[in-house]
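Student: Before we start, here is the structure in question, set down as structure tokens.
There are 2 protein chains.
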Amino acid sequence: MSAETSAGVDNGGPAVAVLVVIFTVVEGELRVLLIQRSAPPDEGNWAIPGGALIADESLDAAAVRKLAEETGVRDVFLEQLYTFSDLDDSAPGGGAAVTYFALVRNDGVRLAERSAWAPGWFAVNALPVLAFHNERVLEVARARLVSKLEYTNAAYSLLPDFFAMSQLQGIYESILGRKLDKRNFRRRMLASDLLRETQQTAKTGPHRPARLYRFARRTPVEF
Amino acid sequence: MSAETSAGVDNGGPAVAVLVVIFTVVEGELRVLLIQRSAPPDEGNWAIPGGALIADESLDAAAVRKLAEETGVRDVFLEQLYTFSDLDDSAPGGGAAVTYFALVRNDGVRLAERSAWAPGWFAVNALPVLAFHNERVLEVARARLVSKLEYTNAAYSLLPDFFAMSQLQGIYESILGRKLDKRNFRRRMLASDLLRETQQTAKTGPHRPARLYRFARRTPVEF
DNA sequence: TCAAAAGTGTTCCACTTACACCCATGT
DNA sequence: ACATGGGTGTAAGTGGAACACTTTTGA
């Protein structure tokens, strides 16, 4: 288990750490996975999950591994974010933290159950006290997430295969932090060529059933 | 002199290397600075200048230092690009290469004069045989440069303080690799709020003198 | 007076935004 | 029948793209 090496660069350890900012959307809220440090420095504070790069492991592979260790999920949106060298003031001799960000469906996640280095979800608007300078990383991650949403299919990673337009809109509203117009949203999405209409509908209450859509591709699309 | 550690990750060296893709525009051509390797591996091939991160040096500082070592210039557009872990197949145990890209005015540059590890400018459309997988880095750098040009003042770094609209357009055309419409270009630039009109004009030949403009800010602007 | 680059407006189209009502269903 | 969320169209504004002629200067 390598979550103990969470965040930043370990004292005396390897010079390259990989951090993964893991986002999800639950109850209309954008949340991020953090891990509570159980050892100095910054003991008790919360940090972005991460660990050292293993010999001969690529950065992408390390990020995939880290994400799987923390959440059990694979094949989701995962992209490199930025590389920081000055997050951990206490690390001797510097080193670099290569950060990634990922989007996962809340209902697919199995968080590790441990009392030390315990993981937890936090609304990005109500963060706990963070270790190192992780708020800087989260700020960058959030900005990138918003801009990725605008021109990629990133949201596929937050929805089931088939979904109603209103579910998709809810994801967008949660991430962008504002309400969107239903008609304009639908028009824009359908024009984007990211979605495909299906013949399925979902009956979810005392109202008209919603037509279901799926993403044309459920893999990251480069622009 | 640390140019000898050019490109990739040195065998047995530190785990973090910093590479700087240095672009300039000369004679209507986008060119990139490369260094010819004078030792294995890939001896004789050309590589992006770079070197190891010094202890306690930030990544940004290392990039600034590298750029100054190779060109003598400072205070230009310089931005982190991407971090690669799989450029140098021959490096043992992996490691990471944090890449940056910079834009410099050709007439401000003083290249190091050495016969080994000699630097040279190459048109991006006529690259020599590259060491490691540097073509991947250049491809990413070029794409980022194009997109940065669209919504930032990055071009300030390629022009003198005062310049004619046609000079600016020439820079854009060289980087984008296509002709632009004069009227649309001018309108878009003036609407962007990146430029300021000056009262100066330049007489440069048997034709009407051009009004000169300057950038509102000559520092990188975040969006 | 000629050659050369500077400078200038309008039309069309595509896309974004704002905005309000009817539809299908379950209880 | 009513409450609930699903689904639809139009008009105004904005920004990009296409397109050609006049102006100022030096030689």
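Heads up: the sequence lines are chains V and D, in that order. Residue numbers for the first sequence follow this note's numbering, so the first one is 1 and each next one is one higher. Residue numbers for the second sequence follow this note's numbering, so the first one is 1001 and each next one is one higher. For each residue, glycine too, the CB sits at the ideal point set by N, CA and C. In this text the structure is predicted, and so the values were computed from the model without any measurement.
With a threshold of 8 Å on Cβ separation, who are the neighbours of Q1200 of chain D within its own chain once the five nearest residues in sequence on each side are excluded?
Tutor: Cβ within range, chain order: F1162, R1211, L1212.
Student: Given this structure, state the Cα-to-Cα distance separating Y172 of chain V from R1183 of chain D, to the nearest angstrom.
Tutor: For Y172 of chain V and R1183 of chain D, the distance between alpha carbons rounds to 38 Å.
Student: On a CA-only basis, which of D:A1118, D:E1079, D:T1198 is nearest L1145 of chain D? Give me that one, please.
Tutor: Nearest C-alpha to L1145 of chain D among D:A1118, D:E1079, D:T1198: D:E1079.
Student: For G1072 of chain D, go through chain V and note every residue whose CB falls closer than 8 Å to its CB, in chain order.
Tutor: Neighbours of G1072 of chain D in chain V, taken as residues at a C-beta separation under 8 Å, are lacking, since the least C-beta distance is about 24 Å.
Student: Please list, in chain order, the residues of the segment 1123 to 1146 of chain D that have any C-beta partner in chain V closer than 8 Å.
Tutor: none
Student: A96 of chain V versus chain D: which residues are under 8 Å apart at the beta carbon?
Tutor: V1016, L1053, L1059, T1083, A1096, V1098
Student: I'd like the ranges of any alpha helix (DSSP H) spanning at least 4 consecutive residues and lying wholly in the segment 134 to 164 of chain V.
Tutor: 134 to 151
Student: Starting from F1215 of chain D and walking both ways along the beta strand (DSSP E), at which residues does that stretch end?
Tutor: 1210 to 1215
Student: I'd like the list of long-range same chain contacts for T71 of chain V, defined as Cβ closer than 6 Å, with 5 residues on each side in sequence excluded.
Tutor: V104, V109
Student: Straight-line CA distance for T1024 of chain D to R37 of chain V?
Tutor: The C-alpha of R37 of chain V is placed about 46 Å away from the C-alpha of T1024 of chain D.
Student: Does any residue of chain V bring its CB to less than 7 Å from the CB of D1086 of chain D?
Tutor: For D1086 of chain D, the answer is yes, since a Cβ of chain V falls inside 7 Å of its Cβ.
Student: For the segment 195 to 221 of chain V, which residues have a beta carbon sitting closer than 8 Å to at least one beta carbon of chain D?
Tutor: Flagged: no residues at all.
Student: Chain V partners of Q1080 of chain D, CB-CB under 7 Å?
Tutor: Near Q1080 of chain D (Cβ distances below 7 Å), the residues of chain V are Y82, T83.
Student: Along the chain, where does the alpha helix (DSSP H) containing R188 of chain V start, and where does it finish?
Tutor: From DSSP, the alpha helix (DSSP H) with R188 of chain V extends over 182 to 191.
Student: I'd like the list of long-range same chain contacts for K66 of chain V, defined as Cβ closer than 7 Å, with 5 residues on each side in sequence excluded.
Tutor: V18, V20, P49, G50, G51
Student: Does DSSP put M1 of chain V in a helix, in a strand, or in coil?
Tutor: Only weak support exists for where M1 of chain V lies, its pLDDT of 39 falling under 50; the value from the coordinates is given anyway. M1 of chain V falls in the coil class under three-state DSSP.
Student: What's the call for G1028 of chain D, buried or exposed, on a 16-neighbour Cβ count within 10 Å?
Tutor: exposed
Student: Could you check the C-alpha separation between Y1100 of chain D and I175 of chain V for me, to the nearest Å?
Tutor: 29 Å
Student: Around the Cβ of D88 of chain V, are there at least 16 other Cβ atoms within 10 angstroms (buried) or fewer (exposed)?
Tutor: buried
Student: For V140 of chain V, I'd like the list of residues in its chain whose CB is within less than 7 Å of its CB, leaving aside the five on either flank, ordered along the chain.
Tutor: L81, Y82
Student: For I1035 of chain D, write down the residues that DSSP places opposite it in a beta bridge.
Tutor: D:A1047, D:P1119
Student: Closest by CA to A1039 of chain D, which one among D:S1115, D:T1198, D:R1218?
Tutor: D:S1115
Student: Is T1005 of chain D close to chain V, meaning its C-beta is less than 7 Å from at least one C-beta of that chain?
Tutor: Note that T1005 of chain D scores a pLDDT of 39, beneath 50, so its modelled location is shaky; the value from the coordinates is reported in the next line. Contact of T1005 of chain D with chain V is not assigned, every C-beta pair being separated by 7 Å or more.
Student: Give a yes or no on whether the minimum CB-CB distance between V20 of chain V and chain D is below 7 Å.
Tutor: no
Student: Taking all protein chains shown into account, decide if P119 of chain V is buried (16 or more other Cβ within 10 angstroms of its Cβ) or exposed.
Tutor: Burial call: buried.
Student: DSSP three-state label for I1175 of chain D, please.
Tutor: helix
Student: Counting C-beta neighbours from all protein chains within 10 Å, is the total for Y151 of chain V 16 or more, i.e. buried, or is it exposed?
Tutor: exposed
Student: State the start and end residues of the unbroken alpha helix (DSSP H) segment that holds T71 of chain V.
Tutor: 59 to 71
Student: By the DSSP assignment, the beta strand (DSSP E) with T219 of chain V in it spans what residues?
Tutor: Counting along the chain, T219 of chain V falls outside any beta strand (DSSP E), and DSSP gives it neither H nor E.
Student: Leaving out five residues before and five after Y1156 of chain D in sequence, what residues of the same chain have Cβ atoms less than 6 Å from its Cβ?
Tutor: Non-local C-beta neighbours of Y1156 of chain D in its own chain, meaning closer than 6 Å and more than five positions away in sequence, comprise F1215, R1218, ordered along the chain.
Student: Taking E197 of chain V as the reference, give the member of V:M189, V:A62, V:K179 with the closest Cα.
Tutor: V:M189
Student: If we ignore side chains and look at the alpha-carbon of each, how far apart do N1045 of chain D and V1129 of chain D end up?
Tutor: Per the coordinates, the alpha-carbon of N1045 of chain D lies some 6 Å from the alpha-carbon of V1129 of chain D.
Student: Which of helix, strand or coil does DSSP assign to L168 of chain V?
Tutor: helix
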